[in-house]
Amino acid sequence: MPLRTRKDWEKKEALSLAPYASKSRESLGRKYPEESHDFRPEFQRDRERIVHSTAFRSLEYKTQIPLNSSGDHVRTRLTHTIEVASLSRSLCRSLSLNEDLAEAIALARDLGHPPFGRPVEQALDQLMQDCGGFGRRRQSLRVVEQLEIKYP
């Protein structure tokens with residue numbers, strides 16, 4: 000069986016995704032120009048970049064909801080993020096939308112969360128009011144656009 004190429008995946012998207020779905024071949028490009036990969040579509044590459052990032056791995060050490068418990072029942076941002084990504088992929092499959100794009104968005108959305116949950120986020124927002132405040136969504140974008148740069 001031959002390997003599927005990026006063009007094969009793009010053809011599959013064109014045939015199987017809803018007309019209003021975002022297709023990989025219609026990507027608006029990257030902040031840092033790069034050549035297309037022979038085997039992986041753009042949104043799949045985005046998803047994999049996120050999964051292999053330092054920021055994504057650090058979600059394992061951030062609690063989602065600070066509790067006085069330990070052991071098997073501690074909720075981490077990583078666990079929550081994987082669940083959100085799974086749900087996103089399932090919904091997109093049902094609606095004929097781009098699963099790779101939705102999963103990349105779901106995986107990246109919590110990268111900007113500070114440790115210790117919402118109380119620390121609120122404290123950071125108060126401390127940073129003179130600089131525009133702190134927002135986890137803006138910080139997530141900063142992480143993927145500036146802090147995780149793997150390019151010259």
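Quick note: the sequence shown uses numbering that gives the first Met the number 0, first residue 0, plus one each step.
Beta carbons: idealized from backbone N, C-alpha and C, even for Gly.
Just verifying my parser: in three-state terms, what is the DSSP assignment at residue i?
| i | result |
| --- | --- |
| T75 | strand |
| S139 | helix |
| T4 | coil |
| Y19 | coil |
If we call anything under 8 Å between Cβ atoms a contact, is residue i one with residue j?
| i | j | result |
| --- | --- | --- |
| G111 | R74 | no |
| A84 | A54 | no |
| L100 | F42 | yes |
| R76 | D37 | no |
| E47 | R24 | no |
| P113 | E120 | yes |
| L16 | S89 | no |
| E152 | S21 | This structure gives no information on residue 152, because the portion of the chain shown stretches from 0 to 151. |
| C91 | E98 | yes |
Between residue i and residue j, which are expected to be in contact by the criterion C-beta below 8 Å, what is the C-beta distance as a whole number of angstroms?
| i | j | result |
| --- | --- | --- |
| T78 | G116 | So it is not a contact: roughly 14 Å between Cβ atoms. |
Problem set entry | alpha helix (DSSP H) segments (min. 4 residues) lying fully within the region 108 to 134 | 117 to 126
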